[in-house]
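Input: a single structure, listed below in structure tokens.
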Amino acid sequence: MDGALERRIRSRLAALESSGLARSLAPPRGIDLSSNDYLGLAHHPRLKKRFAAAIEELGVGSTASRLLRGHRAAFRRVEERFARWKETASALYFSTGWAANLGLLTTFPEEGDLVFSDALNHASIIDGIRLSKARCVVFPHADSAALERLLVRESCAGRRFVVTESLFGMDGDRAPLADYARLRAAHDFSLIVDEAHAVGVFGARGSGLLQESGCSDSVFLSVNTAGKALGVAGAFVCGPAWATDYLIQTARPFIFSTAPPPAAAEAIDEALDLVAEEPDLRHRVRSLARRLRERLDMPPDDAPIVPIVLGGNAAAVEAAARLQRAGYDVRAIRPPTVPAGTARLRISLNARLTAAEVDRFASILQKELSGVAACAASS
Ligand code: PMP
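For my numbering, add 2 to where a residue sits in the sequence shown, where the first one is 1.
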């Protein structure tokens, strides 16, 4: 009965395979150079202990959405703490960063509004904007001059929004937040910043690049994932209380989804303790990132995401396979995660690595990349 559908899907799968775009599921193997566990908290004994104790006390599942029986005091407590940390009036915890972006982008931009979106924004931002009824204008990546030209040219009947990541997840570069703050004063828009890869890693108190760049006051909402540097799961939307109050009323991924396990809120609270007590974790991962770039003759930077852009899909897959055989968990990143022709290795560092491991990896990476180049040249 489903034969025609099966033929269609099998031809799609074959096309992915032949263009080097087929993906597969593979568990962690080797030294971690691909996760987003930047501070190494996912396996931290204190997080494990707190999570286990919370399960004993609160059970495993939340059993319902937050608006029904799924709400717990632990969620409220960690939201209030998170808001203080981000220096906002309020925070609302979503089950994933994906749900947070979808929820806020389908809530605030309405029909008649206009959203300016960075060309390299994450898929959850792109999909959130697509699902909203607002018009979208994509601006060139991290280009504040181009954004300003578009702000002058493109108007709408309603409200204008600018949406960007602060640290870009596949490139490890930063949005010019201070420029956007200045543009906002001149061109009136609401600024939404996704801090998924910056939270826990940057800022004097570890709360992200908004704090580090001193631009917090210019931002309407920020999205802060807890499944990356904080080692747990979920994401906090931070901003004014009227905005989070409205999200509770309208954000469909919040309303129509079972709340995360309550123990996650307790584990995040512990992660926030560790970020406060051990600033050395974020200093260490940033210093390892600086070191790796130096060893690879790349421009200096301390972002823990180091992209090695190879271009072709097959080259990226081959390079990742070579490094995996050498004992490193490095993955190939291909379209549509990154633009066509920019397939890459995305090397991500974490505070559990040592300087000696980073040095050894740098020399093996250089050797394996020259092997890939030689293969490409002879084929
Ligand atoms: N925003 C950005 C910039 C991301 O990189 C990601 C995840 N890779 C998300 C949001 C989604 O977060 P989560 O994994 O918690 O769904």
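The C-beta atom is built at its ideal place from N, Cα and C for all residues, glycine as well.
Margin query: Quick check on the DSSP output: the alpha helix (DSSP H) that includes threonine 227 runs from which residue to which?
Written below: Within the sequence shown, the letter at position 225 stands for residue 227. If you look at threonine 227, you'll find it isn't in any alpha helix (DSSP H); it sits in the beta strand (DSSP E) that goes 223 to 227.
Notebook entry, point to check: Comparing the CB of alanine 206 with every heavy atom of ligand 1, is any distance shorter than 7 Å?
Noted result: Position 204 of the sequence shown, counted from the start, is the residue given in the question as residue 206. No, Cβ of alanine 206 sits at least 7 Å from all heavy atoms of ligand 1.
Notebook entry, point to check: Hey, isoleucine 194 and leucine 149 are a contact pair by Cβ (cut 8 Å); roughly how many whole angstroms apart?
Noted result: Counted from its first residue, the sequence shown places residue 194 at position 192. Counted from its first residue, the sequence shown places residue 149 at position 147. 14 Å between Cβ atoms; not a contact.
Next item on the list: Mark glutamate 8 as exposed unless 16 or more other C-beta atoms lie within 10 angstroms of its C-beta, in which case mark it buried.
Entry: Taking the sequence shown and counting its residues from 1, one reaches residue 8 at position 6. Exposed, because fewer than 16 other Cβ atoms sit within 10 Å of the Cβ of glutamate 8.
Checklist line | Nearest to aspartate 219 (by Cα), restricted to the options Leu312, Ile270, Arg184, Val80 | finding: Against the sequence shown, residue 219 aligns to sequence position 217. Selected option, being the one with the closest Cα: Arg184.
Checklist line | The beta strand (DSSP E) enclosing phenylalanine 118, as first and last residue numbers | finding: Residue mapping note: residue 118 aligns to position 116 of the sequence shown, counting from 1. According to the DSSP assignment, phenylalanine 118 belongs to the beta strand (DSSP E) that extends over 116 to 120.
Check: Where does cysteine 158 fall in DSSP's three states?
Finding: On the sequence shown, residue 158 is found 156 positions in, with the first residue counted as 1. Coil, per DSSP.
Note to self: According to DSSP, simplified to helix, strand and coil, what is tyrosine 330?
What the structure shows: If you number the sequence shown from 1, residue 330 lands on position 328. Of the three classes helix, strand and coil, the one that applies to tyrosine 330 here is strand, per DSSP.
Note to self: Under 8 Å, Cβ to Cβ, is there at least one residue of chain B near asparagine 38?
What the structure shows: Although the question refers to chain B, the structure presented lacks it and comprises just one protein chain.
Check: Is threonine 339 near ligand 1, with its Cβ less than 7 Å from a heavy atom?
Finding: Indexing the sequence shown from 1 puts residue 339 at position 337. Flag unset: Cβ of threonine 339 not near ligand 1.
Next item on the list: Leaving out five residues on either side along the sequence, give the residues of the same chain with a beta carbon under 8 Å from the beta carbon of isoleucine 435.
Entry: Residue numbering for the chain in the displayed model covers 3 to 381; residue 435 lies beyond these limits and cannot be assessed.
Margin query: Tell me whether asparagine 352, by its Cβ, gets closer than 7 Å to a heavy atom of ligand 1.
Written below: Start at 1 with the first residue of the sequence shown, and residue 352 comes out as number 350. Flag unset: Cβ of asparagine 352 not near ligand 1.
Margin query: Between which residues of its own chain and leucine 351 is the CB-CB distance below 6 Å, once the five residues before and five after are set aside?
Written below: If you number the sequence shown from 1, residue 351 lands on position 349. Only Val287, Leu290, Ala291, Pro306 meet the Cβ criterion.
Next item on the list: Answer yes or no: do arginine 297 and aspartate 196 have a C-beta to C-beta separation smaller than 8 Å?
Entry: Numbered from 1 along the sequence shown, position 295 holds the residue referred to as residue 297. Numbered from 1 along the sequence shown, position 194 holds the residue referred to as residue 196. No.
Item checked: Integer Cβ distance of glycine 22 from valine 319, believed to fall under 8 Å -> Numbered from 1 along the sequence shown, position 20 holds the residue referred to as residue 22. Numbered from 1 along the sequence shown, position 317 holds the residue referred to as residue 319. About 6 Å separates the beta carbon of glycine 22 from that of valine 319, a gap short enough to meet the 8 Å contact definition.
Margin query: Please report the distance separating the alpha-carbon of isoleucine 250 from that of lysine 135.
Written below: Against the sequence shown, residue 250 aligns to sequence position 248. Against the sequence shown, residue 135 aligns to sequence position 133. Isoleucine 250 and lysine 135 have their C-alpha atoms some 19 Å from each other.
Check: Could you give the C-beta distance for glycine 5 and phenylalanine 96, rounded to a whole number, given that I count them as a contact under 8 Å?
Finding: For this step, residue 5 is matched to residue 3 along the sequence shown. For this step, residue 96 is matched to residue 94 along the sequence shown. In fact, because the Cβ distance is near 40 Å, the residues do not count as touching under 8 Å.
Checklist line | Terminal residues of the alpha helix (DSSP H) in which glycine 130 lies | finding: Looking up residue 130 in the sequence shown gives position 128. First-last of the alpha helix (DSSP H) with glycine 130: 125 to 133.
Note to self: Can you tell me where the alpha helix (DSSP H) holding aspartate 190 begins and where it ends?
What the structure shows: As a first step, residue 190 is located in the sequence shown; it is residue number 188 there, counting from the start. Note, aspartate 190: premise wrong, no alpha helix (DSSP H); not H, not E.
Next item on the list: Rank Arg137, Arg348, His124, Ser67 by C-alpha distance to the C-alpha of histidine 143 and give the top, closest one.
Entry: Numbered from 1 along the sequence shown, position 141 holds the residue referred to as residue 143. Taking each of Arg137, Arg348, His124, Ser67 in turn and checking the Cα distance to histidine 143, the smallest one comes out for His124.
Checklist line | Where glutamate 167 falls: helix, strand or coil (DSSP) | finding: Within the sequence shown, residue 167 is the residue found at index 165, counting from 1. Here glutamate 167 sits in strand by DSSP.
Checklist line | Inter-residue Cα distance where the pair is isoleucine 310 and alanine 24 | finding: Walking along the sequence shown from the start, residue 310 turns up at place 308. Walking along the sequence shown from the start, residue 24 turns up at place 22. Their backbone Cα atoms lie some 20 Å apart in a straight line.
Margin query: Using a 10 Å radius around the Cβ and a threshold of 16 neighbouring Cβ atoms, would you call aspartate 299 buried or exposed?
Written below: To locate residue 299, count along the sequence shown from 1; it is residue 297. With fewer than 16 Cβ atoms within 10 Å of its Cβ, aspartate 299 is classed as exposed.
Note to self: For ligand 1, I want to know if histidine 199 counts as a neighbour, meaning its beta carbon is within less than 7 Å of at least one of the ligand's heavy atoms.
What the structure shows: On the sequence shown, residue 199 is found 197 positions in, with the first residue counted as 1. Inclusion of histidine 199 in the 7 Å shell around ligand 1 follows from its C-beta lying nearer than that to a non-hydrogen atom of the ligand.
Next item on the list: Measure the Cβ-Cβ separation of leucine 212 and leucine 179 and say whether it is below 8 Å.
Entry: Walking along the sequence shown from the start, residue 212 turns up at place 210. Walking along the sequence shown from the start, residue 179 turns up at place 177. Taking C-beta atoms as the reference points, leucine 212 and leucine 179 count as a pair closer than 8 Å.
Item checked: Own chain residues within Cβ distance below 7 Å of tyrosine 248, not counting five before or after -> The residue you call residue 248 lines up with position 246 of the sequence shown. Contacts found: Thr109.
Check: Leaving out five residues before and five after asparagine 315 in sequence, what residues of the same chain have Cβ atoms less than 7 Å from its Cβ?
Finding: As a first step, residue 315 must be located in the sequence shown, where it is residue number 313. Ser21, Gly22, Leu23, Arg336, Ala345, listed in sequence order.
Margin query: At the level of alpha carbons, what is the spacing between proline 242 and threonine 90?
Written below: Locating residue 242 in the sequence shown gives position 240, counting from the first residue. Locating residue 90 in the sequence shown gives position 88, counting from the first residue. Spanning the two alpha carbons is a distance of roughly 6 Å.
Notebook entry, point to check: Counting along the chain, where does the beta strand (DSSP E) carrying phenylalanine 96 start and finish?
Noted result: In the sequence shown, the residue the question calls residue 96 occupies position 94. It spans 92 to 96 - the beta strand (DSSP E) in which phenylalanine 96 sits, taken as one unbroken run.
Next item on the list: Would you list, in sequence order, the uninterrupted alpha helix (DSSP H) runs of no fewer than 4 residues that lie entirely inside the region 24 to 101?
Entry: DSSP runs (the alpha helix (DSSP H)) wholly in the region 24 to 101: 47 to 60, 75 to 88.
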